[in-house]
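Residue numbers (the working numbering): 373 to 533.
Structural data, given as structure tokens:
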């Protein structure tokens, strides 16, 4: 088997439906994912008029992300840690998931990216609404495993991010 198709990683992907699920990724899968996420975040920054430097009067930002998931989960390892390693992005790691603490960190550290489960994404939007913390620095909020519930989608649609 060619190296780019060789199995590289077995990761947990979810456990909300029953027993934990696992996925096998190849080297090619991992690199394609990392590059597509990098392109996606760069496009979001350009569309929102943000650049890494204050040229042409645009808002500057520090590339940063919030790690609220364990590293044995595919989101924690790939979507947050490895994607951040390539981009040399600041990672603000949480000891355990706490939505109130998460919105404090987003506001204080000017976090621009957050990846979590749909429940975590909803949690962070509700916590921002309940506490009044400013999460407007977020350029990208994502996740997977299940669809985002209607209330969380509505909160994201009407938020500043």
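Each residue gets a CB set at the ideal place from its N, CA and C atoms; glycine is no exception.
Closest to residue i by C-alpha separation, out of the options, would be which residue?
i	options	result
residue 503	488, 483, 484 and 472	472
residue 462	394, 490 and 477	477
residue 401	440, 446 and 420	446
residue 395	522, 450 and 470	450
residue 488	452, 456, 508 and 459	452
residue 420	466, 479 and 509	509
residue 479	404, 507 and 459	507
residue 491	481, 399, 505 and 470	470
residue 458	474, 404 and 522	404
residue 515	399, 500, 397 and 496	496
residue 501	481, 474 and 460	474
Using beta-carbon positions only, say whether residue i and residue j come within less than 8 angstroms of one another.
i	j	result
residue 513	residue 493	yes
residue 484	residue 436	yes
residue 413	residue 486	no
residue 416	residue 498	no
residue 406	residue 443	no
residue 448	residue 466	no
For the beta strand (DSSP E) containing residue i, list its first residue and its last residue.
i	result
residue 511	Element bounds for residue 511: n/a, residue is neither H nor E.
Since residue i is in the alpha helix (DSSP H), which residue starts that stretch and which ends it?
i	result
residue 404	399-419
message: Quick check for students: name the residue ranges of the alpha helix (DSSP H) that lie wholly in the segment 428-506, counting only runs of 4 or more.
response: As far as the segment 428-506 is concerned, its whole alpha helix (DSSP H) runs of at least 4 residues are 455-459, 471-481 and 490-503.
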